[in-house]
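Quick note: the sequence shown uses the numbering used here, first residue 228, plus one each step. Each remark here refers to the structure printed beneath this line.
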Amino acid sequence: MSVWLPSAPCTPRACVEATVSLTAVPRAALRLTAVVVLVLVGVVLAPVGGRFPSRVVRWWSRTVVRAAGVRVRVTGATAPTGTGLLLVANHISWLDIPLLAAVRPARMLAKDEIRRWPVAGAMVARGGVLFIDRDRLRALPETVAAIAETLRAGRAVAVFPEGSTWCGRAQGHFRRAVFQAALDARVPVQPVRIRYRDRAGAASTVTAFVGDDPLLASLWRVVSARGLVAEVEVLPALAPGSHPDRRALAAAAAARVRGEAGEGRPVAPLGRPVGLSGPAGHRLGGRRRVPRNAGERAGVQADAGRIPGERGAVGAS
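Structure (structure tokens):
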């Protein structure tokens, strides 16, 4: 694995809430079966997914989340249709993928390793997923060009610019390279904020899919929980030409997702905060600055100027 790849300090043991309840086993098994069936249907139909009306894809996406026992609450603006659109969101769970598709069906940017998965990899590739080879710096311009071409064709592309999943109580920095495609294609950027809450309305980490957490363990934890709510807030889109470069565009999108009042300060390559370089407290530009928290420490990455991939992300085409 390349040293530049983003990572989060979140781990299943330290950050994720448990949902152990023997009485919940029958309900959880039924939910898990429903999710698996729905996902398999989606994978099989992925190669012809573009022929389905967007409302059908959005319905299927919401149904997957609801089948897992998670209520869906979508608020905010309406995502533009009839034009290319770069959808960007914070990344917490595998549930984020159908939740973004519920906002607007999109081609997902995913890591290249998925292409090599038996059976499913070929089906996903035929379904229109865009792939990024995270170990090849030279592949970056080609990936950006492919995303821009898709956007010019009037399609939506969904990306998680943090490049790694976080627990939901902390967030990573938006890496900027993918925003170049939106600039080149002159299409809007649609920021989306995703949050998960428990039955009391507090932030929940049950859905987090972080660190070395196995997918099956994450699935079981979610279907075993009760009262989970997925909140999807569609924030005002960033219009084409409203920001001079990808650095400013990434900063503005990140600021909206985090709920910051301003458009956000400029971000350095790969979303690193200005004034940081390498390990915590190293010098840059004659300054010394210690990251304020674990989330910011995790955002300090070697600068390779690349697009990070998502952990196993796929989406509706």
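Glycine included, each C-beta is placed from N, C-alpha and C at the ideal position.
Close-in-space but distant-in-sequence residues of the same chain around residue i (CB under 7 Å, 5 per side omitted)
| i | result |
| --- | --- |
| histidine 470 | Leu476 and Ala479 |
| alanine 255 | Trp447, Val450 and Ser451 |
| threonine 246 | Val433, Arg448, Ser451 and Ala452 |
| valine 266 | Val291 |
| serine 445 | Trp321 and Phe436 |
| leucine 312 | Ala306, Arg331, Ala383, Val414, Pro415 and Gln417 |
Backbone secondary structure at residue i - three-state DSSP
| i | result |
| --- | --- |
| glutamate 458 | strand |
| alanine 531 | Because the pLDDT of alanine 531 is 36, which lies under 50, any placement of that residue in the model is unreliable, and the number read from its coordinates should be weighed accordingly. Coil. |
| alanine 409 | helix |
| leucine 357 | strand |
| isoleucine 324 | helix |
| arginine 510 | Unreliable positioning characterises arginine 510 in this predicted model, as indicated by a pLDDT of 31, which lies under 50. A coordinate reading is not provided. |
| alanine 316 | strand |
| alanine 430 | strand |
| alanine 273 | helix |
| proline 368 | helix |
| proline 253 | helix |
Candidates the options: closest to residue i by CA position
| i | options | result |
| --- | --- | --- |
| valine 450 | Val243, Thr238, Ala261 and Gly390 | Ala261 |
| threonine 310 | Arg331, Leu327, Leu326 and Arg473 | Arg331 |
| arginine 402 | Leu313, Leu259 and Arg474 | Arg474 |
| phenylalanine 461 | Ala481, Ile421 and Val291 | The sequence as given places valine at residue 461; phenylalanine does not occur at that position. Comparing Cα-Cα distances from valine 461 to each of Ala481, Ile421 and Val291, the minimum goes to Ile421. |
| valine 371 | Ala397, Phe406 and Glu340 | Phe406 |
| arginine 382 | Arg258, Trp287, Ala251 and Gln417 | Gln417 |
| valine 299 | Ala427, Val484 and Tyr423 | Tyr423 |
| alanine 227 | Val263, Gly468, Ala385 and Ala482 | The structure shown does not extend to residue 227, since the chain spans only 228 to 544, so no value can be given for it. |
| glycine 269 | Pro325, Ile359 and Ala481 | Pro325 |
| glycine 468 | Arg485, Leu443, Ala409 and Ser281 | Ala409 |
| leucine 443 | Ala251, Cys237, Pro253 and Val263 | Val263 |
Residues near residue i in its chain [Cβ-Cβ closer than 6 Å; skip 5 each side]
| i | result |
| --- | --- |
| proline 463 | Ala304 |
| valine 297 | Leu455 and Ala457 |
| aspartate 323 | Ile421 |
| alanine 241 | none |
| arginine 483 | Pro418 and Leu462 |
| tryptophan 286 | none |
| valine 243 | Thr432 and Ala435 |
Contact belief for residue i with residue j at Cβ below 8 Å, rounded distance in angstroms
| i | j | result |
| --- | --- | --- |
| alanine 430 | arginine 396 | 6 Å |
| alanine 200 | arginine 258 | Residue 200 is absent from the model: the chain starts at 228 and stops at 544. |
| alanine 213 | leucine 314 | The structure shown has nothing for residue 213, since the chain only spans 228 to 544. |
Closer than 6 Å: residue i CB and nearest the ligand MN heavy atom
| i | result |
| --- | --- |
| leucine 327 | Summarising the ligand content, the structure contains no ligands, and the ligand MN is consequently not present. |
Q: Determine, using beta-carbon pairs with one atom in the segment 370-390 and one in the segment 412-423, whether at least three such pairs fall under 8 Å.
A: Cβ pair count under 8 Å is three or more, so yes.
(Q) With three or more beta-carbon pairs closer than 8 Å as the criterion, would you say the segment 390-401 touches the segment 432-448? (A) yes
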